[in-house]
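Reviewing the structure listed below.
Protein chains: 4
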Amino acid sequence: MTPKEIIDKMMAEDKMSQWLGIEILNYDPGSVSVRMTVRAEMVNGFNVTHGGITYSLADSALAFSANSHGIRSMSIETSISHLKSVHVDDVLTVKTTQLTLTRKTGVYMMDVTNQKNELVAHFKGTVYRSDKVWD
Amino acid sequence: MTPKEIIDKMMAEDKMSQWLGIEILNYDPGSVSVRMTVRAEMVNGFNVTHGGITYSLADSALAFSANSHGIRSMSIETSISHLKSVHVDDVLTVKTTQLTLTRKTGVYMMDVTNQKNELVAHFKGTVYRSDKVWD
Amino acid sequence: MTPKEIIDKMMAEDKMSQWLGIEILNYDPGSVSVRMTVRAEMVNGFNVTHGGITYSLADSALAFSANSHGIRSMSIETSISHLKSVHVDDVLTVKTTQLTLTRKTGVYMMDVTNQKNELVAHFKGTVYRSDKVWD
Amino acid sequence: MTPKEIIDKMMAEDKMSQWLGIEILNYDPGSVSVRMTVRAEMVNGFNVTHGGITYSLADSALAFSANSHGIRSMSIETSISHLKSVHVDDVLTVKTTQLTLTRKTGVYMMDVTNQKNELVAHFKGTVYRSDKVWD
Chain E
30 MTPKEIIDKM MAEDKMSQWL GIEILNYDPG SVSVRMTVRA EMVNGFNVTH GGITYSLADS
90 ALAFSANSHG IRSMSIETSI SHLKSVHVDD VLTVKTTQLT LTRKTGVYMM DVTNQKNELV
150 AHFKGTVYRS DKVWD
Chain L
30 MTPKEIIDKM MAEDKMSQWL GIEILNYDPG SVSVRMTVRA EMVNGFNVTH GGITYSLADS
90 ALAFSANSHG IRSMSIETSI SHLKSVHVDD VLTVKTTQLT LTRKTGVYMM DVTNQKNELV
150 AHFKGTVYRS DKVWD
Chain Y
30 MTPKEIIDKM MAEDKMSQWL GIEILNYDPG SVSVRMTVRA EMVNGFNVTH GGITYSLADS
90 ALAFSANSHG IRSMSIETSI SHLKSVHVDD VLTVKTTQLT LTRKTGVYMM DVTNQKNELV
150 AHFKGTVYRS DKVWD
Chain W
30 MTPKEIIDKM MAEDKMSQWL GIEILNYDPG SVSVRMTVRA EMVNGFNVTH GGITYSLADS
90 ALAFSANSHG IRSMSIETSI SHLKSVHVDD VLTVKTTQLT LTRKTGVYMM DVTNQKNELV
150 AHFKGTVYRS DKVWD
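Residue numbers (the working numbering), protein chains in the order written: chain E, 30 to 164; chain L, 30 to 164; chain Y, 30 to 164; chain W, 30 to 164.
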């Protein structure tokens, strides 16, 4: 399967990414970028966007990027720094960088920016690459 | 305001925690525990629960725990290890431990278990405590 | 090789752990605990113990714990929260908990305490388990 | 005090950074870069460089970068991904990026490369900025 076929198939079953309204911006192996717009139902008790929204968006970008190589891969450890408040109607874009890819692991870095191109979060994810290929 | 008043007020405005179906299990200052049941709309492209769900649940527990002391506090850095797959209908419980609390920062650890009491994720969160009190 | 044989062999070649003065407290598979005493040459520019000392101690405990199962394993992602200042002559003890162990990965948590049994740091480490056994 | 005065003063008391052989490459506020050469006494039980060496180097860069603004700042949470083995005689360079700086916190990212310009580790650090100025 091509990166596009894999990611489209994942996206078709990924109910959470659909609820978030995630749009795939490119299908580059190892560095898939994504975008979404924050909705009113995504805020926390401070009326700013819940940290879980930004995390989920970056975590989906991680899943798409890691799996784009054709090997079923799953996240084992992730961290996120929340750098700037995100508000309703903000458009969040995740730009992905693959830091390393070995036979069994991969490490990715995601920069999350808003529509003013301000960095709102920095995400890092480590994945385990299984023995199963996408077919 | 008491811990209960603060957390109830946060929860009343926290649309994301409402969508998740989060239930507050206790109002102990610094170690609020929470619970939720995973729904079909919360899965990812592998038909297991999206990592963002577990993260969001733990992040809400972090917000409630940190703010329960009466000082407005926000998450600055968090990490989560996904240890075991989570499935639809699983009941997730977060048990919170406050590792440290200083004048301006706090560090918390969250153990996320399923209905079989298996550890499915381990979360760590650092918060910044602002100058504003809850009143 | 037994856990003890593996760890003693690692320790014999581990110049850094020798420099730190690390003592092995137990050889329990998956949860090796260690201890060291901070020396004057280990301080940073604030005259408190350099964060790298506490990290190195916990990272050695991670290596010993992960390899004790007989499979050559290496750290891929680690994080540490520095919770309390550490001073010269403090005796640091690391207590290790294995959060999960799968065929190819393991996740460990290390609590670092001082001689007053105060928690000075919390460390989390993820390892990759190779195909090579200790023999 | 200027960034250079602050960092030189820190370095003069920082016994650990002296032991590592850290060299300051620039004094740019918020993004100090450093370099060191790995010695035989810095290896672990696999005869590769102990993860604590790379961590310590990056953590020193964090301390210098955060304090260069003139406010006494200390690390509260850090993480490091070990991406590639480091060997004796490797020359490690840390390039620092300041992701955010608020009144009380700062977040920094450190890329650690070897003499072949290969990325060997990725470090992220969050600091707390105290009320004390360097004078």
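Glycine included, every Cβ here is placed at the ideal spot set by N, Cα and C.
Residues bridged to residue i (per DSSP)
i                      : result
residue 66 of chain L  : L/120
residue 111 of chain W : W/150
residue 125 of chain Y : Y/139
residue 103 of chain Y : Y/157
residue 134 of chain Y : Y/157
Status (buried if at least 16 other CB within 10 Å, exposed otherwise) for residue i
i                      : result
residue 132 of chain L : exposed
residue 69 of chain L  : exposed
residue 41 of chain E  : exposed
residue 44 of chain E  : buried
residue 159 of chain Y : exposed
residue 55 of chain L  : exposed
Residue of the options minimising C-alpha distance to residue i
i                      : options                       : result
residue 72 of chain L  : E/78, E/89, E/123 and E/109   : E/89
residue 161 of chain E : E/121, E/130 and E/98         : E/98
residue 113 of chain L : L/153, L/141 and L/59         : L/141
residue 116 of chain Y : Y/54, Y/143, Y/87 and Y/130   : Y/143
residue 79 of chain W  : Y/92, Y/33, Y/54 and Y/31     : Y/92
residue 100 of chain E : E/146, E/145 and E/130        : E/130
residue 59 of chain W  : W/149, W/146, W/125 and W/134 : W/125
residue 83 of chain L  : E/52, E/105 and E/77          : E/105
Span separating the alpha-carbon of residue i from that of residue j
i                      : j                      : result
residue 122 of chain Y : residue 138 of chain L : 20 Å
residue 47 of chain W  : residue 63 of chain Y  : 26 Å
residue 39 of chain Y  : residue 75 of chain W  : 7 Å
residue 85 of chain Y  : residue 103 of chain L : 30 Å
residue 154 of chain E : residue 107 of chain E : 4 Å
residue 57 of chain W  : residue 128 of chain W : 15 Å
residue 119 of chain W : residue 61 of chain W  : 20 Å
residue 50 of chain L  : residue 66 of chain L  : 7 Å
residue 151 of chain W : residue 109 of chain E : 14 Å
residue 32 of chain E  : residue 34 of chain W  : 52 Å
residue 136 of chain E : residue 156 of chain E : 6 Å
residue 145 of chain W : residue 146 of chain Y : 44 Å
residue 111 of chain L : residue 149 of chain L : 6 Å
residue 37 of chain L  : residue 81 of chain E  : 19 Å
residue 134 of chain W : residue 87 of chain Y  : 25 Å
residue 30 of chain L  : residue 53 of chain L  : 17 Å
residue 163 of chain L : residue 94 of chain L  : 14 Å
residue 77 of chain Y  : residue 77 of chain L  : 46 Å
residue 96 of chain E  : residue 96 of chain L  : 38 Å
Kindly provide the ranges of any alpha helix (DSSP H) runs that are 4 or more residues long and lie completely inside the segment 44-91 of chain L, ordered along the chain.
For the segment 44-91 of chain L, whole alpha helix (DSSP H) runs of length 4 or above, ordered along the chain, are 44-49.
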